[in-house]
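Residue numbers (UniProt numbering): 1 to 154. Every residue, glycine too, gets a C-beta built ideally from N, C-alpha and C. One structure below.
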């Protein structure tokens, strides 16, 4: 068994700061969307992904991967959006066990109403605090981390 390479004090500080920033930013954006538009951040993400999909619809299993939630949580969130008339489910003709999530006209309208406020809040929380160079570096760093995690997931 190999020895553990413990985090030094600087690395520990970076790691803990990352965790706090990620958690607080998620909470701030989630609360803001709920207060202003009655949508959670996950629900908003579902509407965005459906709006960008061909035919404004996507298979449920693909949508779960896209919005990075478990299939059970996605099912719960889509059920809520369906109840509110923002999304509807359709049976997949190619695979009767599967289903499509489809953005409704009301869902499009809700997304159009929420998007400007959400983008403004994202800018306030992230991009307005970074220079263009820092934002580009941050994007590169996140890309490297995402690539490494994708490799491990396979």
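| query | result |
| --- | --- |
| Endpoints, beta strand (DSSP E) assigned at residue 91 | 87 to 91 |
| Counterpart residues of residue 57 in DSSP-defined beta bridges | 102 |
| Check whether residue 29 and residue 122 have beta carbons under 8 Å apart | yes |
| Pairwise C-alpha distance: residue 150 and residue 13 | 25 Å |
| Residues near residue 92 by beta carbon distance below 7 Å, same chain, minus five either side | 59, 98, 99 and 100 |
| Other residues of its chain near residue 15: CB distance less than 7 Å, five sequence neighbours each side excluded | 7 |
| Cβ neighbours of residue 46 in the same chain (closer than 8 Å, five flanking residues each side left out) | 63, 67, 74, 77, 78, 81, 87 and 101 |
| Limits of the unbroken alpha helix (DSSP H) element including residue 30 | 9 to 37 |
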